[in-house]
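Undergrad: The following block contains the structure, expressed as structure tokens.
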Amino acid sequence: MSPWAEAELSALNPLRAVWLTLTAAFLLTLLLQLLPPGLLPGCAIFQDLIRYGKTKCGEPPRPAACRAFDVPKRYFSHFYIISVLWNGFLLWCLTQSLFLGAPFPSWLHGLLRILGAAQFQGGELALSAFLVLVFLWLHSLRRLFECLYVSVFSNVMIHVVQYCFGLVYYVLVGLTVLSQVPMDGRNAYVTGKNVLMQARWFHILGMMMFIWSSAHQYKCHVILGNLRKNKAGPVLSALHTASQCRHEMTDQSSFYR
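Under the working numbering, the first residue of the sequence shown is numbered 503, with each subsequent residue one higher.
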């Protein structure tokens, strides 16, 4: 087999194939959504699968067979519990390997090999992968805090398929990042044996962007959560929430006038 063919074959590892399949599925879903409803067989099931939260509410009422696959939207916190635990474990393993020279657990190393992580030497990706895992864990920790103490979830539902996808997504993201770390056997390979020497300007820029965007997103979630509360704290109805949003937007527009 030619070197070009071998490179192309190795490029399509299982992890990349999974992400490519998911991307194609989302693109296909978008295209199907543009079709007239009568042209799509099983349109009701398809719409129930892709709709989310309040978009599931409406007329005509959804059949009981579809409602049987609903789970509360407040289960969003489960995604971040899984991410904090799983990606925190991956971050701990990578930290041990990069800074203390401890090998990855044999089962984790075997899993990474099955998923397509290659044995190669070239430590330019070690610091980048480490920072991405750190940011992913911090993001998950912040979102878990917001789900538990900031966000106010209504009684809307999500499909169980969407729920399962969310759980699998955060597991795959961490494995995908970890698979990019240069490996030397069961250890992370670092050129020069000092991962901090790989720091570049884009690492600093990325850290600044992450801090700014995280603070901004947190402020937005606090505003959205407060819109669903009155001064005493109880959750307002959707009608009151919409009225309050319009009232605040009117106040803001009058301020700028």
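We put the beta carbon where it would ideally sit given N, CA and C, even for glycine.
Remember, predicted model here, so these are calculated numbers, not experimental data.
For LEU698 versus VAL520, is the C-beta distance shorter than 8 angstroms?
TA: no
Undergrad: For ALA619 and SER681, I'd like the C-alpha separation in whole angstroms.
TA: The straight-line gap from Cα to Cα measures roughly 5 angstroms.
Undergrad: Give me the Cα-Cα distance between GLY735 and VAL724, rounded to the nearest whole angstrom.
TA: For GLY735, the predicted structure reports a pLDDT of 49, less than 50, and the residue's modelled location is therefore unreliable. The matter cannot be settled from this model.
Undergrad: In chain order, what residues of the same chain have a beta carbon less than 7 angstroms from the beta carbon of LEU536, not counting five sequence neighbours either side?
TA: none
Undergrad: Check the DSSP bridge columns for ILE660 and list the partner residues they point to.
TA: Beta bridge pairing from DSSP links ILE660 with VAL573.
Undergrad: When we look at the beta-carbon of ARG645 and count the other beta-carbons within 10 Å, is it buried (16 or more) or exposed?
TA: Result: buried.
Undergrad: If we ignore side chains and look at the alpha-carbon of each, how far apart do ALA717 and LEU677 end up?
TA: 26 angstroms
Undergrad: Between the segment 652–660 and the segment 589–598, do three or more beta carbon pairs fall short of 8 angstroms?
TA: no
Undergrad: With DSSP as the reference, identify every bridge partner of TYR711, one or two as the case may be.
TA: It should be noted that the sequence gives Met, not Tyr, for residue 711. Note: MET711 sits in no beta bridge, so no partner.
Undergrad: Is LEU633 near HIS705, with beta carbons less than 8 angstroms apart?
TA: yes
Undergrad: Check for me: the alpha helix (DSSP H) holding VAL692 runs from which residue to which?
TA: Taken as a continuous stretch (DSSP letters only), VAL692 belongs to no alpha helix (DSSP H), as it is neither H nor E.
Undergrad: Assuming TRP664 contacts TYR554 under a Cβ cut-off of 8 angstroms, what Cβ separation, rounded to an integer in Å, is found between them?
TA: The amino acid at residue 664 is misidentified as Trp; the sequence shows Gln. Right, the Cβ-Cβ distance comes to about 7 angstroms (below 8 angstroms), so this counts as a contact.
Undergrad: For PHE606, count neighbouring Cβ atoms within 10 angstroms of its own Cβ and tell me buried if that reaches 16, exposed if not.
TA: buried
Undergrad: Look at the Cβ atom of LEU669, then the Cβ atom of HIS611, and state whether they are nearer than 8 angstroms.
TA: no
Undergrad: Whole-angstrom Cβ separation of TRP609 and TYR672, contact assumed at under 8 angstroms?
TA: Taking a contact as a CB-CB distance under 8 angstroms, the pair TRP609 and TYR672 does not count as one, their CB atoms being some 19 angstroms apart.
Undergrad: Out of ALA527, VAL652, LYS731 and GLY603, point me to the one whose CA is closest to GLY687's CA.
TA: GLY603
Undergrad: At the level of alpha carbons, what is the spacing between LEU617 and LEU534?
TA: LEU617 and LEU534 have their C-alpha atoms roughly 31 angstroms apart.
Undergrad: Specify, as a first and last residue, the run of the alpha helix (DSSP H) that PRO538 falls within.
TA: Per DSSP, PRO538 belongs to no alpha helix (DSSP H) and is neither H nor E.
Undergrad: Do you know whose CA, among LYS575, VAL683, SER656 and GLY708, lies nearest PHE637's CA?
TA: GLY708
Undergrad: Give a yes or no on whether the C-beta atoms belonging to PHE655 and LYS575 are separated by under 8 angstroms.
TA: Taking 8 angstroms as the Cβ cut-off, PHE655 and LYS575 qualify as a contacting pair.
Undergrad: On the premise that ILE552 lies in contact with THR766, defined as a C-beta separation below 8 angstroms, what is that separation, rounded to the nearest angstrom?
TA: Here the chain comprises residues numbered 503 to 759, so residue 766 is not present and cannot be evaluated.
Undergrad: With DSSP as the reference, label GLY603 as helix, strand or coil.
TA: coil
Undergrad: Does the separation of the CB atoms of ALA570 and LEU600 fall below 8 angstroms?
TA: no
Undergrad: What residue from ILE713, TYR720, LEU614 and LEU643 has the CA that sits closest to LEU517's CA?
TA: LEU614
Undergrad: Quick one: measure Cβ to Cβ for GLY590 and VAL652, integer angstroms, because I've assumed they're closer than 8 angstroms.
TA: About 21 angstroms separates the CB atoms of GLY590 and VAL652; that is not less than 8 angstroms, and the two are not in contact.
Undergrad: Which value, in whole angstroms, describes the spacing of the CA atoms of THR525 and ASN515?
TA: 15 angstroms
Undergrad: Near TYR577, what residues of its chain come up, given a Cβ to Cβ distance below 7 angstroms and the 5 sequence neighbours on each side ignored?
TA: TYR665
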